[in-house]
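Asks:
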Amino acid sequence: MNIKSIAIASDHAGYELKLKLIEHLKKLGVKEIKDFGAYSTESSDYPDYAHPMAEAVESGEYEMGISLCGSGNGINMTVNKHQGIRSALCWNVEISELARAHNDANVCALPARFIDEDLAYAIVDKFLNTGFDGGRHLRRINKIPVK
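Residue numbers (our numbering): 1194 to 1340.
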């Protein structure tokens, strides 16, 4: 894996899985991991953490992002409001691989209440180790940003 920096954010529902993912990423050799919150299981609002994480990925400060909330939908919708973000809601390994290979996704959104720890590791591992196929897919993703 060549990814050296990852930004990560969750709400309260994704907090515990996020902590496990941070430890997993360290074991994989990721040098820099920035946790943008939440910092407990106390009820919180995912946009408060999603926007700063998305800005850090969008600016290039971090290579990739990982976001988590209960269903994965809310935090995914929030980070996708940023023009430079292509976040994919990944609930299985195949979706994760296709998100990278076909969509050049730079944020992996996870549904923390619907996947277990081992599946989360497998999804993230595939996401971080899959390259972008380019070709016809590049033409398509170049049409995504609003001009």
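C-beta: ideal position from N, C-alpha, C; glycine also. The model shown is predicted, which means the values in this text are computed figures rather than measured ones.
Which residues mark the beginning and the end of the beta strand (DSSP E) in which A1281 is found?
Replies: Residues S1280 to L1282.
Asks: Beta-carbon separation of H1205 and S1236 under 7 Å?
Replies: In this structure, S1236 lies closer than 7 Å to H1205 by Cβ.
Asks: Looking at the secondary structure, which residues open and close the beta strand (DSSP E) in which G1258 lies?
Replies: G1258 -> beta strand (DSSP E) spans M1257 to C1262.
Asks: Exposed or buried, what is Y1233 when buried is set at 16 or more other beta-carbons lying within 10 Å of its beta-carbon?
Replies: For clarity, residue 1233 is Ser in the given sequence; the question names Tyr instead. By the neighbour-count rule (16 or more Cβ atoms within 10 Å), S1233 is not buried but exposed.
Asks: Tell me the DSSP secondary structure of P1304 in three-state form.
Replies: If DSSP states are grouped into helix, strand and coil, P1304 belongs with the strands.
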